[in-house]
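So the working numbering is basically just the index in the sequence shown, starting at one, shifted up by 173.
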Amino acid sequence: MSAGKLIVITGPSGVGKGTIVRSLIARHPELYLSISATTRQPRPGEIDGKDYYFVSKEQFERAIEREELLEWAEYAGNYYGTPKTSVEEQINQGKWILLEIELIGARKVKKIFPDALLIFILPPSLEELGRRLRGRGQDSPEAISRRLVRARAEIEAKDEFNIQIVNDDLETAIEEIEKAIFGQ
């Protein structure tokens with residue numbers, strides 16, 4: 174059996190991580206998406222167990238206490254985290270696992286899995302990122318402002334990652350990530 178691989182994709186909120194990851198999963202059946210747990214409410218169309226494991230704050234805090242999470246962080250008033258057991262089992266089975274997580278979680282994963290491929294997705298500019306966040310229509314102007322402040326700080330950490338890719342053109346960004354993952 175071939176060795177499993179862990180691929181971490183991160184970047185600021187609104188940069189297109191989810192769209193990129195969905196495209197990679199659709200194109201490459203050998204890639205598996207690790208499903209994160211969160212205490213936030215599902216967005217329209219999201220399905221429990223497919224998009225996220227939607228759990229209560231109490232359930233999440235128990236998982237933290239029991240050290241059942243590979244990484245976790247609090248973001249915008251909600252917890253997000255990666256269940257540890259499923260990721261470890263899939264890697265041990267030789268699977269290539271994608272994690273779509275935020276910066277703090279990516280740093281924690283890097284400590285546990287130093288051989289993970291760490292990819293940071295950048296916006297073309299902060300102005301464009303703001304436009305994308307507003308275009309989603311999911312956040313108040315105050316929340317968008319907070320996300321942009323946080324994005325500036327996250328972008329400063331880009332050099333901690335193996336690869337940095339600007340998501341200016343979605344198809345080009347996906348192709349660059351495919352080259353990084355598969356060495357094409």
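Beta carbons: idealized from backbone N, C-alpha and C, even for Gly. Quick caveat, the model's predicted, so the values are computed rather than measured.
Local Cβ density within 10 Å of K223, reported as buried at 16 or more and exposed below that: exposed
Bridge-paired residues (DSSP) for T192: T192 pairs with nothing; no bridge assigned.
Option nearest I350 by Cα separation, candidates S186, K190, V260 and R213: K190
CA nearest to the CA of I182, picked from I328, R195, E273 and P297: E273
8 Å Cβ shell around K230 - same chain, five flanking residues per side excluded: T212 and Y252
A279 versus E244: straight-line alpha-carbon distance, rounded: 8 Å
One or two residues paired with E273 in a DSSP bridge: I182
Under the three-state DSSP convention, the category E329 falls into: coil
Coil, strand or helix - E244 by DSSP: strand
Pick from G254, Y225, F227 and Y226 that is closest to E238, judged by C-alpha positions: G254
Separation of S318 from P256, as counted between CA atoms: 30 Å
Whole-Å CB distance - I264 paired with L204, under 8 Å assumed: Actually they are not in contact, since the Cβ atoms of I264 and L204 sit about 13 Å apart, beyond 8 Å.
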